[in-house]
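Participant: Just so you know, the protein sequences line up as chains A and B, in that order. The numbering of the first sequence is the working numbering, which starts it at 1 and goes up by one. The numbering of the second sequence is the working numbering, which starts it at 1001 and goes up by one.
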Amino acid sequence: MDETQLIKGIQQGDRKAFQILVENYQRMVVNTCLGIVHNKADAEDLAQDVFLEIFRNAENFRGEAKISTWLYRIATNRSLNFIRNNKRKRFFQSIEETFIGGRNRTNEISETPTDQPDRNITDQQRADMLYRAIDKLPEKQRTAFTLNKYEELPYQQIAEIMDISLASVESLIHRAKKNLQEQLLDCYKKKCV
Amino acid sequence: MKHDYIQNDLIFYLDNELSVEKKMVVEKHLEECADCRSLLVFLQDGMQVIEKEKDPEASHFFYTRLSARLEEKPKFQAQSQWLQLLQPAVFSLLLVIGIYGGLKIGSNASFPKLNQPATIGIQMLNDFETEPIESFLLDKL
Ligand SMILES: [Zn+2]
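#1: Alpha helix (DSSP H) containing A/Asn31: first to last residue?
#2: Whole angstroms is fine: what's the gap from B/Glu1053's alpha carbon to A/Asn85's?
#3: Using the three-state DSSP reduction, which class does A/Ile100 fall into: helix, strand or coil?
#4: Please indicate yes or no: does the CB of B/Asp1050 lie closer than 7 Å to some heavy atom of ligand 1?
#5: Is it the case that the Cβ atoms of A/Thr76 and A/Ile134 are separated by a distance below 8 Å?
#6: Is B/Leu1006 near ligand 1, judged by its Cβ being under 7 Å from some heavy atom?
#7: Compare the C-beta of A/Met129 against all C-beta atoms of chain B and say whether one is closer than 8 Å.
#8: For chain B, find out if any of its Cβ atoms is closer than 8 Å to the Cβ of A/Arg27; answer yes or no.
#9: Tell me whether B/His1060 counts as near ligand 1, meaning its Cβ is closer than 7 Å to at least one heavy atom of that ligand.
#10: Exposed or buried, A/His38, counting other C-beta atoms within 10 Å across all chains shown (16 or more means buried)?
#11: Which chain A residues are close to B/Ala1058, counting only those with a beta carbon under 8 Å from its beta carbon?
#12: Check the Cβ of A/Arg197 against every Cβ in chain B and list those closer than 7 Å, keeping chain order.
#13: Taking only beta-carbon positions, decide if A/Pro113 is within less than 8 Å of chain B.
#14: Taking B/Glu1027 as the query, report the chain A residues whose CB atoms sit under 8 Å from its CB, ordered along the chain.
#15: Any residues in the segment 9 to 24 of chain A with a beta carbon nearer than 9 Å to a beta carbon of chain B? Which ones, in chain order?
#16: Rounded to whole angstroms, what's the CA-CA distance from B/Asp1055 to B/Glu1021? Just pull it up for me.
#17: Quick check: does the Cβ of A/Cys192 come within less than 7 Å of any heavy atom belonging to ligand 1?
#18: Can you find a C-beta in chain A that's less than 8 Å from the C-beta of B/Ile1105?
#19: Helix, strand or coil for A/Leu184 per DSSP?
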């Protein structure tokens, strides 16, 4: 089944076609979400939302772009929304705590995501340091950087996905790397890990 | 000075994105400078986190869970969209009520003070001008 047939099938509610699409693109979508949210369980939940959106809104697919472009767009948008909502939630929680009084903080700490419990502390700290640095990147830099580093996409394809010029992609990734380098070097000098 | 010049480009050196000339300059400096070498290793280890994290093993029950969710109606989503709209609306309303209440209380409270000598008022305003509001608030903490 080629892409057009696959989409046609999904538009007609064909579950088999949908399953093939999911199997073909599951790795790609989960990996993209992971590059933004840095937690495997969250990335898989988000990837499921992405495929549900595809199934329910298949009629919106015009066929001008590749399926992967469409999937990348939804995956990055949903992941960024997820981060935004989390930040908002944390903000309201901190307000709530200020006014209502501190809740059990130990609970929150134990809920910090750790996908690989056998990783030694230095690896975990190093990972946290990098995720914190990536978290601070502006959304566009973060999207371009993730697509380039996690999915190893060429700049031209990133430009299509983000609907921006090739020069903009180059500039976004360059600035993202500069920013990350600055934060990591700062961390090194201040011995933050 | 030279260290900074080198350190600004280490990430591009790692990604092999430097011009041949620049790369040679960086490599020559790295040979001589232990500080920049250890910084390079730190940066490399940091960026290596991505290589370790990406492309995780696929979950076996991904499609099973997904097809179970296909049966659900997208009711929850509609509900959460409502919540998303409601939350900022409630907070904005509280903010408006707060500002309005504050203005009301403020205007009531300031009336009797008008009878006091005008110089006191001016003195207070001048104090506010010289003292930024942040330090004013912090001093009281
Ligand atoms: Zn040096």
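Glycine included, each C-beta is placed from N, C-alpha and C at the ideal position. In this text, all values refer to a predicted model and were calculated from it rather than measured experimentally.
Facilitator: Quick answer:
#1: Counting along the chain, the unbroken alpha helix (DSSP H) around A/Asn31 starts and ends at Arg15 to Val37.
#2: When rounded, the separation of the alpha-carbon atoms in B/Glu1053 and A/Asn85 is 23 Å.
#3: If DSSP states are grouped into helix, strand and coil, A/Ile100 belongs with the helices.
#4: For the record, residue 1050 of chain B in the displayed sequence is Ile; it is not Asp. Flag unset: Cβ of B/Ile1050 not near ligand 1.
#5: No. Outside cutoff.
#6: Here the sequence assigns Ile to residue 1006 of chain B, which means Leu is not the residue at that position. The answer is yes for B/Ile1006.
#7: So, interface residue.
#8: Yes, A/Arg27 lies at the interface with chain B (some Cβ there is under 8 Å from its Cβ).
#9: Because no heavy atom of ligand 1 lies under 7 Å away, the Cβ of B/His1060 does not count as near it: no.
#10: A/His38 should be labelled buried.
#11: Counting only Cβ-Cβ distances below 8 Å, B/Ala1058 has contacts in chain A at Gln26, Arg27 and Val30, in chain order.
#12: Here chain A has residues from 1 to 193 only, and residue 197 of chain A is not among them.
#13: With a pLDDT of 46 at A/Pro113, under the threshold of 50, the modelled position of this residue cannot be trusted; read the value that follows with caution. Closer than 8 Å: no.
#14: Within 8 Å Cβ-Cβ: nothing; B/Glu1027 doesn't reach chain A, min ~18 Å.
#15: Listed in sequence order: Arg15, Phe18, Gln19, Val22 and Glu23.
#16: Spanning the two alpha carbons is a distance of roughly 35 Å.
#17: It does not: the Cβ of A/Cys192 is nowhere closer than 7 Å to a heavy atom of ligand 1.
#18: No, B/Ile1105 does not count as interfacial toward chain A.
#19: Three-state result, A/Leu184: helix.
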